[in-house]
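Here the structure comes first, spelled out in structure tokens, and everything after it is commentary.
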Amino acid sequence: MRHDTELSDAGRQYAAACDAHYTRHDLPGALRLYMTIVASQPDAQEAGYARTQVQNIANAVVPKQELLDAQVELALAHLENDGAPAAERIPVSLHGTELSK
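First residue of the sequence shown? That's 8 in the working numbering, and the numbers climb one at a time after it.
In structure tokens, the structure reads:
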């Protein structure tokens, strides 16, 4: 019986992204490669791994308060626009505790 250990296309892309990330320490390149997997094969298991790696990189390089502010602003934008399609959304910003449009 022959065991087929050949990587899928998503597997090869993920291996290249990990090489950029962990071996070459090319974080911008790794982010692009991870996002290529997510965009081209969103349902592949590797896309889930890639999303996690993108979050890991963001957590490592973006200050915690900046990440929190961006998440809150994104959540408020979705709530404020009641699920409207992206093209119809009204930008929302945080200034202290007030929202301005």
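The beta-carbon is built from N, C-alpha and C at its ideal position, and this holds for glycine as well.
By the criterion of at least three beta-carbon pairs nearer than 8 Å, the stretch 69-85 is not in contact with the stretch 48-59. Sixteen is the threshold: when 16 or more other Cβ atoms of the shown chains lie within 10 Å of the Cβ of Gln20, as they do, the residue is buried. Taken atom to atom, the span from the alpha-carbon of Gln72 to that of Leu14 is near 39 Å. Glu53 carries a helical assignment under DSSP once its states are collapsed to helix, strand and coil. Taking C-beta atoms under 8 Å as the contact rule, Ala17 and Ala54 qualify, at a distance of about 7 Å.
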